[in-house]
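Down below is the structure, laid out as structure tokens.
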Ligand SMILES: Cc1cc2nc3c(=O)[nH]c(=O)nc-3n(C[C@H](O)[C@H](O)[C@H](O)COP(=O)(O)OP(=O)(O)OC[C@H]3O[C@@H](n4cnc5c(N)ncnc54)[C@H](O)[C@@H]3O)c2cc1C
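In our numbering, the protein residues as written are 15 to 517.
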């Protein structure tokens, strides 16, 4: 690259979570006037207004930005999250946790999961959650950050946050503007393209103002103003597997449990989320419009809140899937503009983060070379597809047969990758993580076991350890984890002591 070929103007279209996360990252790295970064957003259009639950990888993003954790938690009125609690998914009345962080420890080069499966096969079906510090702490409503202690589960507790999406965008806006990002208020009315290569050259606001750029980052949400409406990148529809196409969201006053978990409760035609923040609960019902009407879903949600409603219902429509190309010419789509899968595993904000990280890794100049763009698209396709299959597992592996909705998802054919993963697990209980797929073997194990997928056998290698020795070591692990959980403070007590937004 020659110095005079570098990007001069980057335009981010949209000021939701995706837009401001992108702005913050560019503000952090493109320092000293390397290039100008402008973010255009429209208060009249607003943001999607949801997206409050995260996974531990967000800590990588926060560290990259150099955020002070207590300040971040306070300003976004956040709480901590150790797991997702799945209620009524396998069967009505059954629940399990998908924890961040491992179960037990691997022994003699064999996965802990294999030993647990052997105990299960011996009929000693010890509660899987008893081997996870995150699950025990979640059940007991406790939290602390890892204390770095070696050889202790307390040394490396994996955690994430639940925050107010509007406050998060505001927080990152302050961060970005302090690092030279310019915010431009206004609704984009038209988009101009280079007639020769189709590159976007500028956007024109309703006010008539023109904003020019070399690279455009489309964070305009579901509408995909540049990537779809202008460049027609195309959309791959996954709704035959992820049938929910609507959500109704509604915050309410605090009530019920304050445990550091997001709860996902399976419902007759979808599922309901419950996300505790410091000042309110975030709630919503993601549902299939083919199986329940908007009015029914809204009434159902209203009847299943733990507090008093704080706003009128926010109705959202979507189609599960992914933009066929999230980078096309000089436009990179990040966030909802790039694709959407229901937030069953709180993965969307993470996908924004991945989009940003890959963009930084393949940062272009004005040549926009195709091999790099193709590579970006391949990597993003991989990320989306592997997460998609993990989400589908929650539906496929169910015994529920109480509504046509559950009959459909239980019987549907699934993608080959998932079918193979389930078949390999059903054989000897093994899970193999492919390359850098987001969800690791602990996650797959938690959901396979949680949803009731029982292997026919277990890894023969575990028989190297005698049954008595196995029982002794497993009891020891349970005891270490139980004792570790006992020393953790209460979740809200921890927040009050360190990062109270309300005090
Ligand atoms: C029901 C639901 C629940 C979710 N829950 C979670 C969750 O728990 N965890 C998680 O990780 N993710 C979740 N997500 C996803 C998460 O909400 C999004 O990934 C995140 O909010 C990013 O949205 P966005 O910034 O791409 O789009 P938006 O928030 O829609 O922002 C779009 C921006 O573009 C601007 N814009 C659009 N058109 C124009 C125009 N013509 N001119 C100017 N500006 C324009 C808008 O003003 C806005 O600023 C959820 C999503 C849904 C639908």
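For glycine and all other residues, C-beta sits at the position ideal for the given N, C-alpha and C.
Inter-residue CB distance, residue i and residue j (contact presumed, cutoff 8 Å)
i           : j           : result
residue 402 : residue 355 : 6 Å
residue 195 : residue 37  : 5 Å
residue 266 : residue 321 : 4 Å
residue 499 : residue 147 : 6 Å
residue 408 : residue 358 : 6 Å
residue 503 : residue 156 : 6 Å
residue 175 : residue 74  : With a Cβ gap of about 13 Å, residue 175 and residue 74 do not count as contacting.
residue 128 : residue 473 : 4 Å
residue 273 : residue 505 : 6 Å
CA-to-CA distance, residue j to residue i, given in whole angstroms
i           : j           : result
residue 218 : residue 282 : 46 Å
residue 34  : residue 347 : 13 Å
residue 15  : residue 379 : Here residue 15 scores only 48 on pLDDT, less than 50, and its place in the model should not be relied on; the value that follows carries that caveat. About 7 Å.
residue 144 : residue 159 : 20 Å
residue 396 : residue 277 : 27 Å
residue 240 : residue 415 : 43 Å
residue 372 : residue 390 : 7 Å
residue 29  : residue 132 : 51 Å
residue 470 : residue 317 : 41 Å
residue 312 : residue 344 : 41 Å
residue 483 : residue 166 : 21 Å
residue 446 : residue 429 : 17 Å
residue 257 : residue 173 : 30 Å
residue 490 : residue 169 : 18 Å
residue 300 : residue 100 : 14 Å
residue 424 : residue 464 : 15 Å
residue 508 : residue 251 : 43 Å
residue 518 : residue 341 : Any property of residue 518 remains undetermined from this structure, which presents the chain solely from 15 to 517.
residue 56  : residue 310 : 32 Å
residue 290 : residue 280 : 18 Å
residue 260 : residue 297 : 14 Å
residue 522 : residue 485 : Any property of residue 522 remains undetermined from this structure, which presents the chain solely from 15 to 517.
The beta strand (DSSP E) enclosing residue i, as first and last residue numbers
i           : result
residue 27  : 23-27
residue 298 : 295-301
residue 251 : 249-251
residue 98  : 97-101
residue 431 : Not the beta strand (DSSP E): residue 431 falls in the alpha helix (DSSP H), residues 430-442.
residue 218 : 214-219
Coil, strand or helix - residue i by DSSP
i           : result
residue 163 : coil
residue 305 : coil
residue 15  : Residue placement at residue 15 is flagged as unreliable, the pLDDT there being 48, under the threshold of 50; a coordinate-derived value is accordingly withheld.
residue 335 : strand
residue 313 : helix
residue 121 : strand
residue 500 : helix
residue 225 : strand
residue 31  : helix
residue 260 : strand
residue 230 : strand
residue 58  : coil
residue 174 : strand
residue 342 : strand
residue 86  : helix
residue 525 : The chain is shown only over 15 to 517; residue 525 falls outside these bounds and no answer can be derived.
Top-ranked residue by Cα proximity to residue i, from the options
i           : options               : result
residue 54  : 257, 201, 113 and 43  : 201
residue 333 : 193, 350 and 343      : 350
residue 58  : 220, 285, 130 and 80  : 220
residue 487 : 87, 301, 85 and 121   : 121
residue 367 : 48, 90 and 78         : 78
residue 466 : 292, 189 and 412      : 412
residue 27  : 235, 481, 73 and 176  : 235
residue 64  : 327, 512 and 474      : 327
residue 182 : 243, 139 and 90       : 90
residue 442 : 124, 104 and 107      : 124
residue 286 : 302, 273 and 404      : 302
residue 399 : 449, 511 and 386      : 449
residue 227 : 208, 245, 238 and 273 : 208
Extent of the continuous alpha helix (DSSP H) to which residue i belongs
i           : result
residue 201 : First-last for residue 201: undefined, no H or E at that position.
residue 284 : Note, residue 284: premise wrong, no alpha helix (DSSP H); beta strand (DSSP E) at 284-290.
residue 234 : From DSSP, residue 234 is part of no alpha helix (DSSP H); its letter is neither H nor E.
residue 113 : Counting along the chain, residue 113 falls outside any alpha helix (DSSP H), though it belongs to the beta strand (DSSP E) covering 109-113.
residue 275 : That residue, residue 275, is in no alpha helix (DSSP H); its beta strand (DSSP E) goes 275-281.
residue 188 : 179-192
residue 362 : 362-375
residue 139 : Taken as a continuous stretch (DSSP letters only), residue 139 belongs to no alpha helix (DSSP H), as it is neither H nor E.
residue 464 : 455-464
residue 73  : 72-79
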